[in-house]
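This report refers to the structure that appears directly beneath it.
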Amino acid sequence: MSALKALFTEHGQAVWLDYVARGFLAKGELKALVEKDGLRGVTSNPAIFEKAIGHTAEYDDGLKTVLDQGDARVVDLYEGLAIEDIQNAADVLRPVYEASDGADGYVSLEVSPYLALDTQATLDEARRLHAAVKRDNLMVKVPATPEGLPAIRQLTAEGISINITLLFSQETYEEVANAFIDGLTEFAGKGGDVSRVASVASFFISRIDSLVDKKLDEKGGFDDLRGKVAIANAKLAYQRYKRLFSGERWEALAAKGAKAQRLLWASTGTKNKAYSDVLYVEELIGPDTVNTMPPATMDAFRDHGKARATLEEGIPEAEAVMVRLTHAGIDIEEVARQLVEEGVQLFVDAADKLLGAVSDKRAALLGSRLDSQALVLPEPLQAATDKALESWRESGAIRRLWAHDTSVWTGRDEDKWLGWLRIVEDELENVGAYETFAAEIKAEGFTDAVVLGMGGSSLGPDVIAATYGAREGFPKLRILDSTDPDEVRAVEAAVNLKTTLFIVASKSGSTLEPNVFRDYFLGRMKDVVGEKAGRHFVAVTDPGSAMEMAAKDDGFRRIFFGMPQIGGRYSVLSAFGLVPAAASGIEIRTFLETARAMVRSCGPAVPPAHNPGVILGAALGTAAVEQGRDKVTVIASPGIDSFGAWAEQLIAESTGKEGKGLIPVDGEPVDVPAVYGEDRFFVYLRLDRRADARQDEAVKGLEREGHPVATIELVNEEQLPQEFFRFEIATAVAGAILGINPFDQPDVEASKVETKKLFAAAEETGALPPETPIFEDETIALYADSANAGALSQASGGLEAALAAHLARVKAGDYVALLAYVTRNERHASILQEARLAVRDAKAVATCLEFGPRFLHSTGQAYKGGPESGVFLQITADPSSDLPIPGRKLGFGTVIAAQARGDFAVLAERGRRALRAHIKGDVEAGLRRIAAAIKEAVA
-3 MSALKALFTE HGQAVWLDYV ARGFLAKGEL KALVEKDGLR GVTSNPAIFE KAIGHTAEYD
57 DGLKTVLDQG DARVVDLYEG LAIEDIQNAA DVLRPVYEAS DGADGYVSLE VSPYLALDTQ
117 ATLDEARRLH AAVKRDNLMV KVPATPEGLP AIRQLTAEGI SINITLLFSQ ETYEEVANAF
177 IDGLTEFAGK GGDVSRVASV ASFFISRIDS LVDKKLDEKG GFDDLRGKVA IANAKLAYQR
237 YKRLFSGERW EALAAKGAKA QRLLWASTGT KNKAYSDVLY VEELIGPDTV NTMPPATMDA
297 FRDHGKARAT LEEGIPEAEA VMVRLTHAGI DIEEVARQLV EEGVQLFVDA ADKLLGAVSD
357 KRAALLGSRL DSQALVLPEP LQAATDKALE SWRESGAIRR LWAHDTSVWT GRDEDKWLGW
417 LRIVEDELEN VGAYETFAAE IKAEGFTDAV VLGMGGSSLG PDVIAATYGA REGFPKLRIL
477 DSTDPDEVRA VEAAVNLKTT LFIVASKSGS TLEPNVFRDY FLGRMKDVVG EKAGRHFVAV
537 TDPGSAMEMA AKDDGFRRIF FGMPQIGGRY SVLSAFGLVP AAASGIEIRT FLETARAMVR
597 SCGPAVPPAH NPGVILGAAL GTAAVEQGRD KVTVIASPGI DSFGAWAEQL IAESTGKEGK
657 GLIPVDGEPV DVPAVYGEDR FFVYLRLDRR ADARQDEAVK GLEREGHPVA TIELVNEEQL
717 PQEFFRFEIA TAVAGAILGI NPFDQPDVEA SKVETKKLFA AAEETGALPP ETPIFEDETI
777 ALYADSANAG ALSQASGGLE AALAAHLARV KAGDYVALLA YVTRNERHAS ILQEARLAVR
837 DAKAVATCLE FGPRFLHSTG QAYKGGPESG VFLQITADPS SDLPIPGRKL GFGTVIAAQA
897 RGDFAVLAER GRRALRAHIK GDVEAGLRRI AAAIKEAVA
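Written out as structure tokens, the structure is:
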């Protein structure tokens, strides 16, 4: 008989194996141990599964089978593998379970260590795992933390067999045993069959000696205690076991068939090589106990272990050891508390490694179905980013983010704005409504669908329209997000009102621009189709908004609701993006499932160093905080180059506040490293099938010169929904690193207030209040507040002198923003783009080109609330002719003028370096004059 087998047959101690792996089961090795060595149980934990899944290929086929059929969350992939292994191991041990009448033959599966400090979550997961495994001989492992104790009692009361883990303290063991007895008593009182409930209390051994020996070394003079405390502690715990499971209370349960909760010796592999490799087996042999051994310890004991009854030997000596330990100034209960905390963290660390390995394998097996990401960072930034990622891992920040924990950010109201985290799953349940709507729109024969919105309600649909293009049989998707009268007229001229659907999008329902757009086009539609005008309109708004009420009053075709817990800039994967997408013929299920691939890659179970959204956000935030690289420059392949405008709003409006922030730079063509300062971080969205060789080479040049670059690869345009979510997570993470609330927009609100004030005054008086220019000639008038006017004393010399003085204020690390409140078209953009690039090339500073008023709800937040590094040139013009708005005294020309002046007033109030140039007459000629003056100023 082997020494292992003798432990049970001669001494009543069950041998369990602390190991499980797929190949081990498939090859029959577990069954062989049962038959040859009398093995009576198996335990598992995250560290065991991490070694098996992360360091072998034996689980790859199982993962591939799942992913070939679609996709799954990382935690579900792991659990699927683990549960299958646990079931198979339980089936191998089933004969032992039946032969022992349920005393042995168990396999243990751990509740997630992330839940160790949450009683209710532990209860929920233990119940779920018990139901999922569907084996009588399963034990669910629950840690002996203060939060775990009530869960142990409750689960026992429900008839679930429990393996209590991370026990180091005799006092805590007594609490655990009483929790088991109390739970069993309740179960019996409800008529439960207590004979079918088993439990073990896993008392950890070697870890105690490892910590105590270290403390003894620090104390000095107590070498006689080295390697003695763990065994003494365990022997005294066994004496408590004998007392606890005797007497009238226990005998009453035993009479009903109850089985005592056995002590299980865990962590029995020797960690100190100076000790015998079978020390923690040989010294703890006794009846009604379990020793769970790792394979190496089992092999060693089989080879040279001695099986004899030792557990009750030397009890007085054990007591003396514990007394002497107190004389050494070491409190065993304090040691136990420290070991529980460390034990939980060790299991968390192992779980992180495990889930990271599964995440990596999932990404590899998904291949081109998942957009890839590669960061090339200079060594100091890489080290700082790695440190940030490790900090996020240690603090469980990504899990806390998904759990709506405001302490990830500022501890204010961030939890009220996190609906975007789960919106993809929510909307997948609502796909039918979008499909019905799309079929209806197609059947009606609409030729155009125009989104009337601003900021978050328009920029996402704008990207979708530009990227996906028109779909046969569906209306062409257009966006109106400018109050410039000529742009409003241009949209109207481009469509046939009789066959046009208008999508009025406003979360609050009180935003000025969507309301005036609605008033105008509803009035025009009534002129064309009369009482049926409302059938040409759809509203997307939050429940209970003024827009909802107006839509009902005007007989809108449909009202779709957004989620109040999602801010506008995070809303593209909600109804605000999906309604326009559905109207234009995009298959919404596919759109959302594509996004879900990235949601799962960035999920709460994916550790930060494997989580693409967290990695990008950590790099962006760290680069800004540690190195002043706060100009996030977006480069994109043709076909997806509209994405930058959406990313601009997300990044700027989320992070630019409290004097901090990331300044997004969109639309600057990538160039040689010499034109860039040391304040850049480049994000390259590369579309594989339309990649630009010049862009590729330029980006490589930036990498070679030490600029940080994140390259994101898309196989085709229709994988862009993944990037919406990646950037949302990244922005939230960057905001946390910056130390701000990434979900409010205080300075946007300031501009709105100022605009409404000016427009209301104009409605009363018939015109905006008069202004006094600091310079004026036949075609240009210049305006500045008193502080800026004082800094631009040369302004009296005219436009050229004023711009030279203004741009002379630009220094390294600044950015220059051209804010044009003129019609946004290719001609105007091209003129200003040349001027912008002249500034960049001459001064090596970041440049932004924005058209108002759309940027007000986008980068406008960062320009006013972010770092004081912006130099602004606002450009306004008189419209060719105004356009009246039904129901209002003034037209669109007054609206855009009020917005520009409100914007400029807040810039001035914030102390920004700002100058306004107003074009009188021919807008294009005025832009050319301004552009020429800019080029001359930086020449």
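Counting in our numbering, the sequence shown tops out at residue 935, every number present.
In this text, a Cβ means the ideal position worked out from N, Cα and C, and glycines have one as well.
Since the structure is predicted, the reported quantities are computational estimates derived from the model, not experimental observations.
CB of Asp356 within 8 Å of CB of Glu709, strictly
no
Considering only residues of the same chain and omitting the five flanking positions on each side of His606, which have a CB-CB separation below 7 Å?
Gly352, Ser355, Asp356
Bridge partners of Ile647, per DSSP?
Answer is none; Ile647 lacks a bridge partner.
With respect to the beta strand (DSSP E) encompassing Met450, which residues constitute its N-terminal and C-terminal limits?
Run containing Met450: none; DSSP gives neither H nor E here.
Return yes when the Cβ of Phe498 is within less than 8 Å of the Cβ of Phe517, no when it is not.
yes
Hey, how far is the Cα of Asp773 from the Cα of His914?
11 Å
Below 8 Å between beta carbons: does that hold for Asp899 and Gly856?
yes
In the DSSP assignment, what residue or residues form a beta bridge with Tyr55?
Paired residue(s): none; Tyr55 is not in a bridge.
Give the DSSP-derived three-state secondary structure of Ile827 in the structure shown.
helix
Within 10 angstroms of its Cβ, does Asn712 collect 16 or more other Cβ (buried), or is it exposed?
exposed
Would you decide whether Asn492 is buried or exposed? Buried here means 16 or more other CB atoms lie within 10 Å of its CB.
exposed
Starting from Asp14 and walking both ways along the beta strand (DSSP E), at which residues does that stretch end?
9 to 14
With burial defined as no fewer than 16 other Cβ atoms inside 10 Å of the residue's Cβ, what is the status of Glu932: buried or exposed?
exposed
Backbone CA spacing between Arg333 and Glu143 [nearest angstrom]
13 Å
Looking at C-beta atoms only, is the number of pairs between the segment 294 to 302 and the segment 270 to 281 that lie closer than 8 Å three or more?
yes
Kindly list the residues whose CB is nearer than 6 Å to the CB of Ala10, restricted to its own chain and excluding five residues on each side of it in sequence; keep chain order.
Phe4, Arg36, Asp100, Val286
Does Asn426 come out as helix, strand or coil in the three-state DSSP assignment?
coil
Is it right to say Ala242 is buried, meaning 16 or more other beta carbons lie within 10 angstroms of its own, or is it exposed?
According to the sequence displayed, residue 242 carries Ser and not Ala. Per the 10 Å Cβ criterion, exposed.
For Leu162, the nearest candidate out of Val129, Phe343, Asp189 (CA to CA)
Phe343
For the segment 187 to 266, list the beta strand (DSSP E) runs that are entirely contained and at least 3 residues long, ordered along the chain.
195 to 200, 258 to 262
Could you pull out every residue in the same chain whose Cβ sits closer than 7 Å to the Cβ of Lys1, ignoring the five residues on either side in sequence?
Asp33, Gly34
Report all residues from its chain with a CB closer than 6 Å to the CB of Asp538; omit the five preceding and five following residues, and keep chain order.
Lys503, Gly558, Pro560
Does the segment 836 to 847 come within contact of the segment 681 to 690, defined as at least 3 CB pairs closer than 8 Å?
no
Give the straight-line distance between the Cα atoms of Val695 and Ala393, rounded to the nearest whole angstrom.
32 Å
Measure the alpha-carbon distance for Val500 versus Asn511 and round it to whole angstroms.
8 Å
Lys950 and Leu307: beta carbons closer than 8 Å?
Absent from the structure is residue 950, since the part of the chain shown begins at -3 and ends at 935.
Close Cβ partners of Ala85 (< 7 Å) along its chain, the five nearest in sequence each way excluded:
Val16, Leu21, Leu26, Val38, Val103
Looking only at C-alpha atoms, which of Ser789, Asp213, Leu335, Ala808 sits nearest to Ala801?
Ser789
Span separating the alpha-carbon of Leu113 from that of Val71
19 Å
Whole alpha helix (DSSP H) elements within the segment 808 to 872, 4-residue minimum
822 to 839, 856 to 861
Express the C-alpha separation of Asp482 and Asp878 in angstroms, rounding to a whole number.
8 Å
Limits of the unbroken beta strand (DSSP E) element including Phe442
Here Phe442 belongs to no beta strand (DSSP E), and DSSP marks it neither H nor E.
Verify whether the separation of the beta carbon atoms of Ile584 and Tyr464 is less than 8 Å.
no
Out of Leu321, Ile204, Arg203, Ile177, which one is the CA nearest neighbour of Ser195?
Ile177
Compute the distance between the beta-carbons of Leu569 and Phe720, then report whether it is under 8 Å.
yes
Supposed contact pair Ala601 and Leu385 - C-beta distance, whole angstroms, cut 8 Å
Not quite, the Cβ-Cβ distance comes to about 16 Å (not below 8 Å), so this is no contact.
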